[in-house]
Amino acid sequence: MESDISEPEPFQYDAEVDPGEKRHIRYEVGENYLGDSVEIPVTIINGTHGGPTIFLTAAIHGDELNGVKVVQEIADRYQPSELHGTIVCLHVVNVPAYQAQQRYIPIYDQDLNRAFPGRERSNTAERMAHQIYSRFISNCDLGIDFHTSTRNRTTMFHVRADLENEDVEPLARSFGANVILYGAGESKSLRSVATSDGIPTITVEMGRAQRFQPALIDKAVNGVESVLAQYGILPGTPVHWPGWYKVTAADSEKRWLRAETGGLVEMEWGPYPLVHEDETICTITDHFKTEEHVVTAPFTGLIVGVLENPVALPGHPLCHLVRLDTETRDEIEREIRRGEFDGYRMHNGDYGTDD
Ligand SMILES: [Zn+2]
Numbered sequence: 080m081e082s083d084i085s086e087p088e089p090f091q092y093d094a095e096v097d098p099g100e101k102r103h104i105r106y107e108v109g110e111n112y113l114g115d116s117v118e119i120p121v122t123i124i125n126g127t128h129g130g131p132t133i134f135l136t137a138a139i140h141g142d143e144l145n146g147v148k149v150v151q152e153i154a155d156r157y158q159p160s161e162l163h164g165t166i167v168c169l170h171v172v173n174v175p176a177y178q179a180q181q182r183y184i185p186i187y188d189q190d191l192n193r194a195f196p197g198r199e200r201s202n203t204a205e206r207m208a209h210q211i212y213s214r215f216i217s218n219c220d221l222g223i224d225f226h227t228s229t230r231n232r233t234t235m236f237h238v239r240a241d242l243e244n245e246d247v248e249p250l251a252r253s254f255g256a257n258v259i260l261y262g263a264g265e266s267k268s269l270r271s272v273a274t275s276d277g278i279p280t281i282t283v284e285m286g287r288a289q290r291f292q293p294a295l296i297d298k299a300v301n302g303v304e305s306v307l308a309q310y311g312i313l314p315g316t317p318v319h320w321p322g323w324y325k326v327t328a329a330d331s332e333k334r335w336l337r338a339e340t341g342g343l344v345e346m347e348w349g350p351y352p353l354v355h356e357d358e359t360i361c362t363i364t365d366h367f368k369t370e371e372h373v374v375t376a377p378f379t380g381l382i383v384g385v386l387e388n389p390v391a392l393p394g395h396p397l398c399h400l401v402r403l404d405t406e407t408r409d410e411i412e413r414e415i416r417r418g419e420f421d422g423y424r425m426h427n428g429d430y431g432t433d434d
């Protein structure tokens with residue numbers, strides 16, 4: 080890292096934010112039906128000292144809120160005098176969806192996270208994406224994009240990253256999540272486009288839509304701080320390494336278990352999301368309780384995503400299971416025995432630590 084010797088520079092979008100300056104702005108990315116401007120809240124903290132520029136983005140899916148709180152906290156926490164580099168916080172990327180509290184842009188349900196890098200004379204999503212990408216993202220060196228599970232599901236705190244890219248790996252690891260799901264990402268997603276443009280980017284998945292889950296938000300704020308430390312943006316701050324890592328490499332190591340029958344779902348696993356081969360994960364019964372289908376673990380693994388809505392149709396995803404090697408399984412079991420396993424207990428049928 081050469082950040083400690085680089086000269087501080089202004090951050091440029093349409094305007095400039097000088098070294099030593101922290102600015103909150105509302106940036107126009109489109110118009111609503113009334114012809115009023117649609118503006119996204121942005122905070123730019125340009126350090127007094129030179130260094131890399133990192134972006135943080137939340138609510139590209141409008142109902143995924145945990146990241147909004149993480150970005151608010153980071154934007155408030157740091158001052159230019161302590162930074163060697165620049166933090167660009169896009170608090171709410173998908174404002175129309177956020178206002179409607181739904182995942183997609185309300186107009187024709189367009190997915191903003193399949194519209195990057197965007198185009199000027201295209202549909203609504205691509206125009207918004209173009210503004211955001213060309214003004215802010217393309218002027219950054221690395222980035223973190225915060226998501227949660229989609230509605231009616233929840234997800235374990237984890238990172239998604241293209242670990243085959245050697246510039247992404249230190250970013251993914253220094254965030255400090257126990258689980259990293261490997262993959263290049265969907266085409267035209269912010270992560271895959273930025274990464275292929277030479278701006279290493281990770282996605283953080285955390286908990287549920289439509290909630291603030293304080294325990295997960297705290298972990299993510301620590302994760303950001305750890306990344307800032309790793310890249311010298313916050314020199315002298317320690318990087319937080321997790322106790323164990325599980326990195327999935329191949330598709331054969333992860334599987335969505337799906338319902339084969341319609342009915343009422345009862346989750347049986349827990350309180351920890353570690354399941355052993357052949358253990359019962361859930362049962363699906365008909366309304367008369369005359370038929371019961373038991374869903375068991377095809378291999379020993381970690382449940383990283385799970386259905387919350389208790390009714391299922393054939394083909395419905397029930398849970399996302401990641402295969403564990405013996406060594407990682409032993410480490411997790413040791414943590415559980417010592418009472419050190421971090422969160423993710425099942426309370427009253429819920430999954431996650433949102434209290
Ligand atoms: Zn999302």
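80 is the number of the first residue of the sequence shown in our numbering; add one for each residue after it.
For every residue, glycine included, the Cβ atom is placed at its ideal position computed from N, Cα and C.
Here the structure is a predicted model, which is why all the values come from computation and not from measurement.
State the start and end residues of the unbroken beta strand (DSSP E) segment that holds Asp155.
-> The continuous stretches of beta strand (DSSP E) do not include Asp155, which lies in the alpha helix (DSSP H) extending over residues Asn145 to Arg156.
Around the Cβ of Pro89, are there at least 16 other Cβ atoms within 10 angstroms (buried) or fewer (exposed)?
-> With fewer than 16 other beta carbons inside 10 angstroms of its own, Pro89 counts as exposed.
Is the beta carbon of Tyr143 within less than 7 Å of some heavy atom of ligand 1?
-> Just to set this straight, residue 143 is Glu in the shown sequence, not Tyr. The nearest non-hydrogen atom of ligand 1 is less than 7 Å from the C-beta of Glu143.
Rank Glu95, Pro185, Glu143 and Ile153 by C-alpha distance to the C-alpha of Tyr112 and give the top, closest one.
-> Ranked by Cα distance from Tyr112, the options Glu95, Pro185, Glu143 and Ile153 are led by Pro185.
Anyone know if the C-beta pair for Arg232 and Gly384 falls short of 8 Å?
-> For Arg232 and Gly384, yes; Cβs fall inside 8 Å.
Does the separation of the CB atoms of His140 and Ala179 fall below 8 Å?
-> At a Cβ-Cβ threshold of 8 Å, His140 and Ala179 do not count as neighbours.
Would the beta-carbon of Ile139 be found less than 7 Å away from any heavy atom of ligand 1?
-> Annotation for Ile139 indicates a beta carbon within 7 Å of some heavy atom of ligand 1.
Inter-residue CB distance, Ala376 and Val354 (contact presumed, cutoff 8 Å) | The pair is a contact, with the Cβ atoms about 4 Å apart (cut-off 8 Å).
Cα-Cα separation between Val518 and His163, rounded to whole angstroms | The question about residue 518 has no answer, for the chain in this structure spans 80 to 434.
Beta-carbon proximity check, His209 vs Glu143, cutoff 8 Å = No, the pair does not count as a contact, with Cβ atoms beyond the cut-off.
Buried versus exposed call for Ala273 [16 or more other C-beta atoms within 10 Å across all chains shown] | Buried, because 16 or more other Cβ atoms sit within 10 Å of the Cβ of Ala273.
Which residues in the same chain have their Cβ closer than 6 Å to the Cβ of Glu284, if we skip the five residues on either side of it in sequence?
-> Within the same chain, Glu284 has close Cβ partners His226, Thr234 and His237.
Runs of beta strand (DSSP E) lying entirely within the region 337-401, each at least 3 residues, in chain order = Within the region 337-401, the complete beta strand (DSSP E) runs of at least 3 residues are 342-346, 359-364, 371-375 and 380-386.
Three-state secondary structure (DSSP) at Asp433?
-> Residue confidence is low: Asp433 scores 36 on pLDDT, short of 50, so the model does not pin down where it sits. Its coordinate-derived value is still stated next. Note: Asp433 maps to coil in three-state DSSP.
Is His226 near ligand 1, with its Cβ less than 7 Å from a heavy atom?
-> Residue side-chain check: His226 places its Cβ nearer than 7 Å to a non-hydrogen atom of ligand 1.
From Asn301 to Ile166, what does the alpha carbon distance come to, in whole angstroms?
-> Within the model, the alpha-carbon separation for Asn301 versus Ile166 is close to 15 Å.
Where His140 falls: helix, strand or coil (DSSP) | The answer is coil: DSSP assigns His140 none of H, G, I, E or B.
My understanding is that Glu371 touches Cys361, with C-beta atoms under 8 Å, so please give their C-beta distance in whole angstroms.
-> In fact, because the Cβ distance is near 11 Å, the residues do not count as touching under 8 Å.
DSSP state of Glu100 mapped onto helix, strand, coil = Coil.
The region 322-337 in contact with the region 385-399 per 3-pair CB rule at 8 Å | Taking 8 Å as the limit for Cβ pairs, the verdict is that the region 385-399 does touch the region 322-337.
Contacting residues, own chain, Cβ-Cβ under 7 Å from Glu414 (five flanking each side not counted) = Correct list, in chain order: Gly322 and Phe420.
DSSP three-state call for Asn427: helix, strand or coil?
-> Only weak support is given to the placement of Asn427: the predicted model assigns it a pLDDT of 36, under 50, and the value that follows is read from those uncertain coordinates. Here Asn427 carries a coil assignment [DSSP, helix/strand/coil].
For Val441, the nearest candidate out of Thr359, Gly129 and Leu386 (CA to CA) = Past the boundaries of the shown model lies residue 441; the chain is included only from 80 to 434, so the question cannot be answered.
Candidates Asn244, Leu242, Val171 and Gln181: which alpha carbon is nearest Ile211's?
-> If we check each option's Cα against that of Ile211, Val171 comes out closest.
Using a Cβ-Cβ cut-off of 7 Å (strictly less than) and excluding sequence neighbours within five positions of Phe378, which residues of its own chain qualify?
-> These residues qualify, in order along the chain: Glu356 and Arg402.
Who are the Cβ neighbours of Val303 in its own chain at under 6 Å, not counting the five residues just before and after it?
-> The residues are Ile153.
Please determine if the region 244-259 and the region 194-207 are in contact, where contact requires at least 3 C-beta pairs separated by less than 8 Å.
-> When Cβ pairs closer than 8 Å are counted between the two stretches, the region 244-259 is seen not to touch the region 194-207, the count staying below three.
Could you give the distance in angstroms between the alpha-carbon of Ala299 and the alpha-carbon of Thr282?
-> Ala299 and Thr282 have their alpha carbons spaced roughly 11 Å apart.
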